[in-house]
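First comes the structure, then the notes that go with it.
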Amino acid sequence: MVTKGSEHRTRASEDAVGELTPEQKAALGGGASFWRTKAVAGVSAVAMSDGPHGVRFQAEAGDHLGLGGSVPATCFPPAVGLAQSWDPELARRVGAALADEAQAVGLGVLLGPGINIKRDPRCGRNFEYFSEDPYLSGRLAIEWVRGLQSGGVGASLKHFAVNNQEHDRMRTSAEVDQRTLREIYLRAFERVVRDAEPWTVMCSYNRINGVYASQNRWLLTDVLRDTWGFDGLVVSDWGAVADRVAAVAAGLDLQMPGDTAADDAAVVTAASDGRLDASAVDRAARAVARLSARVDAGRRDVTVDADAHHALAREAAGRSIVLLKNENDLLPLDTRRSVAVIGAFAEDPRYQGGGSSHVTPTRVDSPLEEIRAAVDGEVTFARGFDTGGMADAGALRAEAVRTAAAADVAVVFAGLAASQESEGFDRDDIDVPGDQLALLEEVVAAQSNTVVVVSAGGVLRLAPVHASARAILGGALLGQAGGGAIADVLTGAVNPSGRVAETFPLRLEDAPSYPHFPGEHSRVRYGEGIFVGYRGYDVRGQDVLYPFGHGLSYTSFGYDGLDLAVDGEGILARVTVTNTGERAGREVVQLYASVATSTVSRAPRELVGFGSVDLEPGASTVISVRIERRDLAYWDDRLNRWVVEGGTYRIEAGASSRDLRLGEDVEMDGDDGRLPFTLESTLGELMSDPVGAQALGEAFASFAPAGDGGGEALGVDMLRMAASIPIGRMVRGFGAGSGVGAAEVQALLDSINARNSAGD
Ligand code: BGC
Numbered sequence: 001m002v003t004k005g006s007e008h009r010t011r012a013s014e015d016a017v018g019e020l021t022p023e024q025k026a027a028l029g030g031g032a033s034f035w036r037t038k039a040v041a042g043v044s045a046v047a048m049s050d051g052p053h054g055v056r057f058q059a060e061a062g063d064h065l066g067l068g069g070s071v072p073a074t075c076f077p078p079a080v081g082l083a084q085s086w087d088p089e090l091a092r093r094v095g096a097a098l099a100d101e102a103q104a105v106g107l108g109v110l111l112g113p114g115i116n117i118k119r120d121p122r123c124g125r126n127f128e129y130f131s132e133d134p135y136l137s138g139r140l141a142i143e144w145v146r147g148l149q150s151g152g153v154g155a156s157l158k159h160f161a162v163n164n165q166e167h168d169r170m171r172t173s174a175e176v177d178q179r180t181l182r183e184i185y186l187r188a189f190e191r192v193v194r195d196a197e198p199w200t201v202m203c204s205y206n207r208i209n210g211v212y213a214s215q216n217r218w219l220l221t222d223v224l225r226d227t228w229g230f231d232g233l234v235v236s237d238w239g240a241v242a243d244r245v246a247a248v249a250a251g252l253d254l255q256m257p258g259d260t261a262a263d264d265a266a267v268v269t270a271a272s273d274g275r276l277d278a279s280a281v282d283r284a285a286r287a288v289a290r291l292s293a294r295v296d297a298g299r300r301d302v303t304v305d306a307d308a309h310h311a312l313a314r315e316a317a318g319r320s321i322v323l324l325k326n327e328n329d330l331l332p333l334d335t336r337r338s339v340a341v342i343g344a345f346a347e348d349p350r351y352q353g354g355g356s357s358h359v360t361p362t363r364v365d366s367p368l369e370e371i372r373a374a375v376d377g378e379v380t381f382a383r384g385f386d387t388g389g390m391a392d393a394g395a396l397r398a399e400a401v402r403t404a405a406a407a408d409v410a411v412v413f414a415g416l417a418a419s420q421e422s423e424g425f426d427r428d429d430i431d432v433p434g435d436q437l438a439l440l441e442e443v444v445a446a447q448s449n450t451v452v453v454v455s456a457g458g459v460l461r462l463a464p465v466h467a468s469a470r471a472i473l474g475g476a477l478l479g480q481a482g483g484g485a486i487a488d489v490l491t492g493a494v495n496p497s498g499r500v501a502e503t504f505p506l507r508l509e510d511a512p513s514y515p516h517f518p519g520e521h522s523r524v525r526y527g528e529g530i531f532v533g534y535r536g537y538d539v540r541g542q543d544v545l546y547p548f549g550h551g552l553s554y555t556s557f558g559y560d561g562l563d564l565a566v567d568g569e570g571i572l573a574r575v576t577v578t579n580t581g582e583r584a585g586r587e588v589v590q591l592y593a594s595v596a597t598s599t600v601s602r603a604p605r606e607l608v609g610f611g612s613v614d615l616e617p618g619a620s621t622v623i624s625v626r627i628e629r630r631d632l633a634y635w636d637d638r639l640n641r642w643v644v645e646g647g648t649y650r651i652e653a654g655a656s657s658r659d660l661r662l663g664e665d666v667e668m669d670g671d672d673g674r675l676p677f678t679l680e681s682t683l684g685e686l687m688s689d690p691v692g693a694q695a696l697g698e699a700f701a702s703f704a705p706a707g708d709g710g711g712e713a714l715g716v717d718m719l720r721m722a723a724s725i726p727i728g729r730m731v732r733g734f735g736a737g738s739g740v741g742a743a744e745v746q747a748l749l750d751s752i753n754a755r756n757s758a759g760d
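Using full-length UniProt numbering, the first residue of the sequence shown is number 1, and each one after it goes up by one.
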């Protein structure tokens with residue numbers, strides 16, 4: 001916890017930086033070892049480690065590929081799972097538990113959360129990220145960071161920025177327009193930096209519009225520090241620095257990992273011969289000193305209660321499971337009946353992703369054993385398939401079919417093996433492995449009561465599964481307690497309330513980014529622009545299998561009376577939610593906004609708020625959700641700032657982005673989004689401005705064309721045609737002989753501009 005006293009110590013240690021030699025300052029900006037910074041003069045070393053969903057503390061040799069071992073720690077659901085909870089408060093509790101585990105092994109910074117946007121379903125690292133939507137990602141990450149930092153451990157918001165693929169990740173340039181950057185790829189970062197004040201931000205490996213993130217002054221200084229007010233430390237991703245001097249000049253504070261002696265020396269030389277501003281070296285050293293002081297001030301003696309953390313991991317996993325389909329209420333299972341459990345992942349669960357985030361769990365729940373413990377009827381098991389392809393597939397299938405046929409219900413565990421998705425590479429397709437589909441088809445033919453539990457870090461093309469199985473649980477990756485949580489949901493001990501945080505398309509080719517991913521020659525063009533995820537499917541009116549926000553329950557909910565109240569902060573939305581079914585359950589209410597009269601191209605709807613409520617059967621409550629004004633804004637790339645358009649906003653409340661139950665219109669005052677008029681402004685632009693229309697009307701009254709102005713004869717609407725003509729050219733082309741020249745029009749424009757800026 002950062003207190004007043006600790007803030008004072010933070011400043012004191014930053015002040016001490018002024019006394020350091022150039023060599024000492026430069027030394028602070030480079031790591032000492034794989035996971036530690038240097039202790040220099042009064043500044044103590046900071047220990048860091050991955051992250052994000054568990055503590056990967058390596059007592060011995062370090063690596064960032066997840067190859068070496070690490071001491072056992074609770075493996076909470078990775079972001080792909082946790083995001084499906086749509087539960088920021090849960091994310092905060094997980095963050096706080098992670099802080100305890102980090103403290104117990106002496107870590108000052110946990111390298112997470114990862115909040116990159118899931119631009120394409122093939123990205124190998126999507127399991128480490130929350131969502132395709134920046135609002136949802138931001139809300140969850142804010143609480144995760146708050147939870148962690150309230151326990152005295154710094155977060156590292158990563159990977160800043162636009163790191164949305166693994167292919168060529170250390171070189172590729174993400175080519176993205178400004179509006180898309182701000183609205184989609186930077187928006188969650190902005191929100192978390194402003195609202196949760198992470199102690200560190202980790203810059204990504206890739207380039208953004210040609211410039212490495214680590215050397216990107218626009219990103220690290222103009223946007224992050226000067227606009228968002230970030231006061232923490234910018235650390236490089238491990239090995240992301242190609243040129244330390246350029247990086248420090250751009251805004252990087254700490255190069256990781258160590259040993260960086262040669263680069264430290266290069267910084268000293270560049271500062272002494274004037275190629276690098278000494279103030280940049282001071283800034284970096286001060287940031288390291290500030291972080292070190294924050295970590296020292298937050299240090300606590302903690303003994304981790306592994307059982308309690310395992311229980312939290314189970315609760316989190318249970319809240320993160322999505323009931324994707326449940327035909328004729330096949331689920332929850334009748335626990336008196338017999339169950340055939342099928343699939344290799346029932347014995348060896350897929351519960352986390354591969355690479356730098358890979359945690360050594362304290363224990364792992366076996367779904368099979370957990371189902372055995374939860375079901376009174378007989379539980380049988382058949383492996384069904386072998387992810388290594390080492391066994392006779394036909395024989396495995398035949399055994400599984402026999403087992404399924406002999407039971408009352410079959411539960412098939414399907415998904416991707418660890419070798420099929422990981423940090424470091426992207427997938428080529430999103431298909432469920434063919435042997436598993438063949439198995440499922442045969443099992444369903446023998447046992448119509450078949451449930452499928454899907455485990456994978458990335459979205460899969462589930463259409464064939466949906467077509468054959470009667471019920472489907474979307475398990476994503478659920479962490480070490482996922483097995484118990486799956487049993488809880490299958491048996492109804494937990495009523496599922498998770499919602500997908502990423503659209504499940506009917507086919508990969510439907511994904512908005514499909515033709516642009518992963519680029520070539522170290523460049524990837526973000527050609528779909530702002531239309532990422534559901535924004536892209538919606539704008540093209542495309543059918544999807546499971547829309548963003550989808551998730552069923554063992555009960556049902558009614559929505560009534562959407563009430564909207566506008567105030568200076570935004571809109572307060574209130575909806576009455578009633579549990580109309582027979583079981584207690586939790587409903588996630590989602591709010592989407594759209595602007596019918598927008599002057600810019602916008603998605604048909606965007607998530608701008610959500611909240612959840614637990615209700616007993618028959619119970620009703622009013623849920624209040626605050627829609628913040630800033631979330632209604634678009635990025636105006638001419639004005640280089642956010643603009644809330646004035647006009648009518650449609651606010652819809654629903655159970656998913658395509659299950660909208662209520663909608664109301666509300667009027668919002670807009671921000672001033674006007675640019676001064678010039679000779680390049682069109683007649684239409686001037687006419688749509690009240691002051692402009694009046695002034696033009698007065699000035700040109702005497703030139704009004706007789707009759708219809710010739711439009712009818714030409715078969716055109718003259719005014720609409722003329723609307724697109726820049727006023728300067730109109731005067732030049734059509735004003736000859738009228739006595740009205742460019743100077744007169746400029747004077748008119750000046751007077752319109754003056755009246756507009758005076759607020760007439
Ligand atoms: C990953 C980071 C990670 C770092 C340290 C890098 O390869 O991109 O997410 O924090 O290694 O392990």
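No residue lacks a Cβ here, since even glycine has one placed at the ideal position from N, Cα and C.
Small disclaimer: the values here were computed from a predicted structure and weren't measured.
Identify which residue in GLY29, GLY353, PRO121 and LEU220 has its Cα closest to the Cα of THR260.
Taking the sequence shown and counting its residues from 1, one reaches residue 260 at position 260. Selected option, being the one with the closest Cα: GLY29.
- Query: Under the DSSP definition of a beta bridge, which residues are partnered with ASN164?
  - Reply: Taking the sequence shown and counting its residues from 1, one reaches residue 164 at position 164. BP columns for ASN164 are empty, so no partner.
Confirm, please, whether the CB-CB distance from ALA446 to residue 765 is below 7 Å. Past the edges of the chain, shown from 1 to 760, lies residue 765, and the structure says nothing about it.
Does the beta carbon of LEU110 fall short of 6 Å from some heavy atom of the ligand BGC?
For the purposes of this step, residue 110 is taken as the residue at position 110 of the sequence shown. Not so, every heavy atom of the ligand BGC lies at least 6 Å from the Cβ.
### Task
With a 10 Å radius around its C-beta and 16 neighbouring C-beta atoms as the bar for buried, classify THR555 as buried or exposed.
In the sequence shown, the residue the question calls residue 555 occupies position 555. It counts as buried.
*Please state whether DSSP places ALA405 in a helix, a strand or coil.*
Translated into positions along the sequence shown, residue 405 becomes position 405. If DSSP states are grouped into helix, strand and coil, ALA405 belongs with the helices.
request  = Report yes if the CB atom of ASN216 is closer than 7 Å to the CB atom of ALA250, and no otherwise.
outcome  = Locating residue 216 in the sequence shown gives position 216, counting from the first residue. Locating residue 250 in the sequence shown gives position 250, counting from the first residue. ASN216 places its beta carbon less than 7 Å from that of ALA250.
Item to check | Bridge partners - ASP431, DSSP secondary structure assignment | outcome: Here residue 431 refers to the residue found at position 431 of the sequence shown. ARG461, per the DSSP bridge assignment.
- Can you tell me the Cα-Cα spacing of LEU562 and LEU136, whole angstroms? Translated into positions along the sequence shown, residue 562 becomes position 562. Translated into positions along the sequence shown, residue 136 becomes position 136. Those two C-alpha atoms are separated by around 21 Å.
Please list, in chain order, all residues of the same chain as ALA39 whose beta carbon is under 6 Å from its beta carbon, the five residues on each side excluded.
-> Here the question's residue 39 lines up with position 39 in the sequence shown. Correct list, in chain order: ALA45.
message = For the ligand BGC, I want to know if HIS64 counts as a neighbour, meaning its beta carbon is within less than 6 Å of at least one of the ligand's heavy atoms.
response = Counting from one through the sequence shown, the residue named residue 64 turns up at place 64. Yes - the ligand BGC has a heavy atom lying nearer than 6 Å to the Cβ of HIS64.
Problem - Residue range of the beta strand (DSSP E) that includes ALA382 - result: Along the sequence shown, read from residue 1 onward, the residue named residue 382 stands at position 382. It spans 379-382 - the beta strand (DSSP E) in which ALA382 sits, taken as one unbroken run.
ask   = Is any heavy atom in the ligand BGC found nearer than 6 Å to the beta carbon of ASP750?
value = Here residue 750 corresponds to residue number 750 of the sequence shown, with the count starting at 1. Short note on ASP750: C-beta not closer than 6 Å to any heavy atom of the ligand BGC.
Exercise for review: Tell whether a beta-carbon distance below 7 Å holds between VAL451 and ALA404.
Suggested key: By 1-based counting over the sequence shown, the position of residue 451 is 451. By 1-based counting over the sequence shown, the position of residue 404 is 404. It is not a contact, given that the beta carbons lie outside the stated cut-off.
Are there any heavy atoms of the ligand BGC lying less than 6 Å away from the beta-carbon of ASP237, as far as the coordinates show? As a working note, residue 237 is residue 237 in the sequence shown. Yes - the ligand BGC has a heavy atom lying nearer than 6 Å to the Cβ of ASP237.
Q. Does DSSP classify HIS309 as helix, strand or coil?
A. As a first step, residue 309 must be located in the sequence shown, where it is residue number 309. Helix at HIS309.
- Query: Does the beta-carbon distance from CYS203 to ALA188 come in below 7 Å?
  - Reply: Mapped onto the sequence shown, residue 203 falls at position 203. Mapped onto the sequence shown, residue 188 falls at position 188. No. Outside cutoff.
Under the three-state DSSP convention, the category HIS521 falls into:
Taking the sequence shown and counting its residues from 1, the one referred to as residue 521 is at position 521. Of the three classes helix, strand and coil, the one that applies to HIS521 here is coil, per DSSP.
- Please work out which residues of its chain come closer than 6 Å, Cβ to Cβ, to residue 761, disregarding the five sequence neighbours upstream and downstream, and give them in chain order. Residue 761 is absent from the structure shown; the chain starts at 1 and stops at 760.
Notebook entry, point to check: Relative to the C-alpha of ARG397, which residue among VAL375, SER357, GLU378 and LEU439 is closest?
Noted result: Residue mapping note: residue 397 aligns to position 397 of the sequence shown, counting from 1. Nearest of VAL375, SER357, GLU378 and LEU439 to ARG397, Cα basis: LEU439.
Would you say the beta carbon of ASP50 is closer than 6 Å to some non-hydrogen atom of the ligand BGC?
Locating residue 50 in the sequence shown gives position 50, counting from the first residue. Yes, since a heavy atom of the ligand BGC falls inside the 6 Å radius drawn around the Cβ of ASP50.
**Nearest candidate by alpha-carbon position, reference ALA47, set SER366, ARG605 and LEU291** = As a working note, residue 47 is residue 47 in the sequence shown. It is LEU291 whose Cα lies nearest to the Cα of ALA47.
(message) Just to confirm before moving on: does the CB-CB distance between SER13 and TRP35 stay below 7 Å?
(response) Numbered from its first residue, the sequence shown carries residue 13 at position 13. Numbered from its first residue, the sequence shown carries residue 35 at position 35. At the C-beta level, SER13 and TRP35 stay beyond 7 Å of one another.
One question on the structure: do GLY389 and ARG337 come within less than 7 Å of each other, judged by their Cβ atoms?
As a first step, residue 389 must be located in the sequence shown, where it is residue number 389. As a first step, residue 337 must be located in the sequence shown, where it is residue number 337. In this structure, ARG337 does not lie closer than 7 Å to GLY389 by Cβ.
Exercise. Give the secondary structure of THR387 by DSSP, where H, G and I count as helix, E and B as strand, and everything else as coil.
Key: For this step, residue 387 is matched to residue 387 along the sequence shown. In the structure shown, THR387 sits in coil (DSSP, three-state: anything other than H, G, I, E or B).
* Looking at SER356 and the ligand BGC, is the gap between the Cβ and the nearest heavy atom below 6 Å? -> Position 356 of the sequence shown, counted from the first residue, corresponds to residue 356. The answer is yes for SER356.
Three-state secondary structure (DSSP) at TYR129?
Within the sequence shown, numbered from 1, the residue matching residue 129 stands at position 129. TYR129: coil per DSSP, three-state reduction.
Can you tell me which of the three DSSP states TRP642 falls into? Counting from 1 along the sequence shown, the entry for residue 642 is found at position 642. Strand.
ask   = What's the gap between the Cα of SER279 and the Cα of ASP243?
value = Numbered from 1 along the sequence shown, position 279 holds the residue referred to as residue 279. Numbered from 1 along the sequence shown, position 243 holds the residue referred to as residue 243. Taking the straight line joining both Cα atoms gives about 18 Å.
Q: Report the three-state DSSP secondary structure of THR172 (helix, strand or coil).
A: The residue labelled residue 172 in the question sits at position 172 within the sequence shown. It is coil, neither helix nor strand.
DSSP three-state label for GLY707, please. Within the sequence shown, residue 707 is the residue found at index 707, counting from 1. For GLY707, the pLDDT reaches just 47, beneath the cut-off of 50, and the residue's location in the model is therefore unreliable, although a value from the coordinates is still provided. DSSP places GLY707 in coil when its eight states are reduced to three.
Just to check my reading of the structure: GLY68 and ALA61 have Cβ atoms closer than 8 Å, yes? What is that Cβ distance to the nearest angstrom?
Here residue 68 corresponds to residue number 68 of the sequence shown, with the count starting at 1. Here residue 61 corresponds to residue number 61 of the sequence shown, with the count starting at 1. Sure, about 6 Å apart at Cβ, within 8 Å.
Practice prompt. Just mark VAL589 as buried or exposed, buried being the case when its beta carbon has 16 or more other beta carbons within 10 Å.
Written response: Position 589 of the sequence shown, counted from the start, is the residue given in the question as residue 589. Result: buried.
- Would ALA59 be called buried (16 or more neighbouring beta carbons within 10 Å of its own) or exposed? Position 59 of the sequence shown holds residue 59. Exposed is the call here.
Count the other CB atoms, across all protein chains shown, that sit within 10 Å of the CB of VAL622; report buried if there are 16 or more and exposed otherwise. Position 622 of the sequence shown holds residue 622. Its Cβ having fewer than 16 others within 10 Å, VAL622 is exposed.
Does the separation of the CB atoms of SER598 and GLU645 fall below 7 Å? Sequence index remark: in the sequence shown, residue 598 carries index 598 (1-based). Sequence index remark: in the sequence shown, residue 645 carries index 645 (1-based). Contact flag set, yes.
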